[in-house]
Amino acid sequence: MKVLVLTGPESSGKSWLCAAIHKRFGGVLVDEYVRHFIDEQGRDTVYDDITAIAQGQLDREDAARATKPALLILDTHLLSNMLWSRTLFGDCPQWIEQQLLKRHYDLHLLLSPEGVEWIGDGQRCQPELAERQAFFSASRQWLDQHAQRYEVIEGDWQQRHDQAMAAVSRLLSTSPDLVLVQQAVEGRARNP
């Protein structure tokens, strides 16, 4: 199983790219739990929600891992929960980073906020590019500090799409079983 994470600031294309990657390569896609949490609660989050949000994300990830798909695509993971908690509340429960470090992720696609416009959706709260750049920098710093494999995805929407597809192709080429899956998918794409 290869585990791919899309991470970075809001409104940078994570969910859109996850859907495109899933459509092209298959696998199992785990969406971002906090969106569902906010919709269900009907209010802004508070610090006391952080544990429930992180646990909800973790539960979804664990359920997907248990199915042992060839490719597991995560539309964010505990890194975003941790960084948002620190950004919004100045603190984060310690267990979140501890859990994050216990898990293996094969590749992070770190999306840059530059090159695409911020789009408000009722849940996003960083319309200023400088805020999103700070979140991107904090994400990159954490990935570097903990020697996590990542590739930066940047540019306009088409460039992001092309970079992400190329990165996933490279990731899958490192696993013989996944090469067969990728070849089958590419064959279908060439011979619809």
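Sequence positions in the sequence shown follow full-length UniProt numbering and run 1 to 192.
Glycine included, every Cβ here is placed at the ideal spot set by N, Cα and C.
- By the CB criterion at 7 angstroms, S112 and E151 fall outside the cutoff.
- In the structure shown, E97 falls within a helical segment according to DSSP collapsed to helix, strand and coil.
- Within the model, the alpha-carbon separation for R43 versus S15 is close to 22 angstroms.
- Linking Q99 to A164 through their CA atoms gives a straight-line distance of about 26 angstroms.
- Excluding five sequence positions before and after M82, the CB atoms of its chain that fall closer than 6 angstroms to its own CB belong to C92, I96 and E97, given in chain order.
- As the crow flies, the alpha-carbon of G8 is around 20 angstroms from that of V28.
- At the C-beta level, D75 and D144 stay beyond 7 angstroms of one another.
- Taken in chain order, the whole alpha helix (DSSP H) runs of length 4 or more contained in the stretch 15-102 are 33-41, 50-66, 78-89 and 94-102.
- In this structure L109 does not touch A64 by the C-beta definition: roughly 17 angstroms separates them, more than the 8 angstroms allowed.
- Taking 7 angstroms as the cut-off, the Cβ atoms of L129 and L4 do not count as close.
- Under a 10 Å Cβ-count criterion, G13 is classified as buried, with 16 or more other Cβ atoms of the shown protein chains found around its own Cβ.
- CA-CA distance, W142 to T87, rounds to 14 angstroms.
- H108 sits in a strand when the DSSP states are folded into three classes.
- By the neighbour-count definition (other C-beta atoms within 10 Å, threshold 16), L6 is a buried residue.
- Nearest in C-alpha terms to L79, of all of S137, R170 and A19, is S137.
- Beta bridge pairing from DSSP links E151 with L109.
- Judged by DSSP secondary structure, V5 falls within the beta strand (DSSP E) whose first and last residues are K2 to T7.
- With fewer than 16 other Cβ atoms inside 10 Å of its own Cβ, S173 counts as exposed.
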